[in-house]
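First residue of the sequence shown? That's 47 in my numbering, and the numbers climb one at a time after it.
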Amino acid sequence: MNITLFGATGKTGRYLIDEGQRRGVNLTVFARSGSSFQQADIRIIRGDLTDRALVREAVRGADTVLSALGPTSPSHPRNLPITRATETILTAMTEEHVTRFIAISTGTAADPGDGFDWKIKAPAQLIRLFMPSSYRDIIGMAKTVRASPLEWTMVRVALLKDLPASHRLNVGLYGHTRHSLGISRADVASFMFDQAENRAFIRQAPGISTFAS
Ligand SMILES: NC(=O)c1ccc[n+]([C@@H]2O[C@H](COP(=O)([O-])OP(=O)(O)OC[C@H]3O[C@@H](n4cnc5c(N)ncnc54)[C@H](OP(=O)(O)O)[C@@H]3O)[C@@H](O)[C@H]2O)c1
Numbered sequence: 047m048n049i050t051l052f053g054a055t056g057k058t059g060r061y062l063i064d065e066g067q068r069r070g071v072n073l074t075v076f077a078r079s080g081s082s083f084q085q086a087d088i089r090i091i092r093g094d095l096t097d098r099a100l101v102r103e104a105v106r107g108a109d110t111v112l113s114a115l116g117p118t119s120p121s122h123p124r125n126l127p128i129t130r131a132t133e134t135i136l137t138a139m140t141e142e143h144v145t146r147f148i149a150i151s152t153g154t155a156a157d158p159g160d161g162f163d164w165k166i167k168a169p170a171q172l173i174r175l176f177m178p179s180s181y182r183d184i185i186g187m188a189k190t191v192r193a194s195p196l197e198w199t200m201v202r203v204a205l206l207k208d209l210p211a212s213h214r215l216n217v218g219l220y221g222h223t224r225h226s227l228g229i230s231r232a233d234v235a236s237f238m239f240d241q242a243e244n245r246a247f248i249r250q251a252p253g254i255s256t257f258a259s
């Protein structure tokens with residue numbers, strides 16, 4: 047299986063790469079120009095996420111594209127880089143006839159089927175008020191993905207932790223499924239690769255969190 051990873055130069059990316067290699071997947075990592083990311087046993091494509099030809103080269107021949115792109119800095123740029131990058135990726139996938147796209151999102155980008163869960167709503171309001179650039183980019187990215195005719199899944203997470211995988215998750219819409227606030231990056235990576243192997247959540251955006259009984 048060939049999988050192209052975007053946003054894998056960050057903290058969750060480390061777990062995605064490890065999980066992909068553990069499963070014997072051929073990985074291509076798109077790294078932004080200027081990124082210090084290095085890994086000798088992986089195909090790396092370096093450049094600008096708005097470079098359509100380069101993004102197209104990165105997704106060519108992929109069975110699935112995974113994205114961990116997302117705003118994590120309080121000084122996130124105002125020009126919606128994640129939304130624009132996602133638009134470029136989805137266009138490139140269409141041109142290359144690659145249909146499966148799995149991206150990390152958050153509860154801040156509500157699903158029409160969500161109920162009320164204060165653990166998700168409260169941080170979303172704080173992000174909207176105090177990190178407006180990030181908020182607009184999270185919403186813009188989710189809107190872009192939902193508008194795509196491709197076979198997308200958004201994996202929505204709250205607080206990411208550097209802990210070993212538990213493989214015991216709550217999975218489902220917020221306000222309907224009982225969720226905890228946190229999840230390990232290892233569990234996120236494992237869940238995303240599981241989605242690359244099955245069609246359980248096509249055009250859905252489940253929340254996932256560490257199991258809470
Ligand atoms: N940390 C949390 O608790 C948390 C909570 C909810 C959701 N999330 C989401 O989970 C995902 C992974 O989080 P993480 O903690 O692993 O994040 P991270 O280490 O900061 O990695 C984020 C990735 O997105 C890329 N990125 C960030 N800003 C960008 C920009 N302006 N333009 C292009 N690319 C950009 C980074 O590229 P570079 O390496 O080149 O900077 C990196 O590959 C993100 O989508 C994040 O929004 C995180």
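C-beta: ideal position from N, C-alpha, C; glycine also.
Here DSSP, grouped into helix, strand and coil, assigns valine 144 to coil. Here DSSP, grouped into helix, strand and coil, assigns glutamine 250 to strand.
The bridge partners DSSP lists for valine 201 are Ile150.
Cβ-Cβ distances below 7 Å link glycine 107 to Asn48 in the same chain, with the five nearest sequence neighbours on each side left out; the list follows chain order. The shortest C-alpha to C-alpha distance from threonine 190 to any of Ile128, Ser179, Ser180 is the one to Ile128. With a threshold of 16 other beta carbon atoms within 10 Å, arginine 124 falls short and is exposed. A Cβ-Cβ distance of about 12 Å is found for the pair isoleucine 63 and phenylalanine 76, leaving them out of contact under the 8 Å criterion.
In this structure serine 255 is not in contact with serine 236, their Cβ atoms being roughly 14 Å apart against a cut-off of 8 Å.
Within the same chain, Asn216, Arg224, His225, Ser226 come within 8 Å of alanine 258 by CB-CB distance, once the 5 residues on both sides are set aside.
Checking the DSSP bridge columns, you'll see lysine 189 has no partner listed. Secondary structure note for isoleucine 88: it is in no alpha helix (DSSP H), with a DSSP letter that is neither H nor E. Alanine 168 sits in a helix when the DSSP states are folded into three classes.
By the neighbour-count criterion, in which a residue is buried when 16 or more other Cβ atoms sit within 10 angstroms of its Cβ, alanine 188 is buried. Within the model, the alpha-carbon separation for glutamate 142 versus glycine 53 is close to 20 Å. At a threshold of 7 Å, serine 81 counts as near ligand 1, since its beta carbon sits closer than that to one of the ligand's heavy atoms.
In this structure tryptophan 164 is exposed. Its beta-carbon is surrounded by fewer than 16 other beta-carbon atoms within 10 angstroms.
Where glycine 218 is concerned, there is no enclosing alpha helix (DSSP H), although the beta strand (DSSP E) around it starts and stops at 215–218. In chain order, Thr199 place their CB closer than 7 Å to the CB of glutamine 250, counting only its own chain and leaving out the 5 sequence neighbours on each side. Distances taken from the Cβ of threonine 134 to the heavy atoms of ligand 1 include none shorter than 7 Å.
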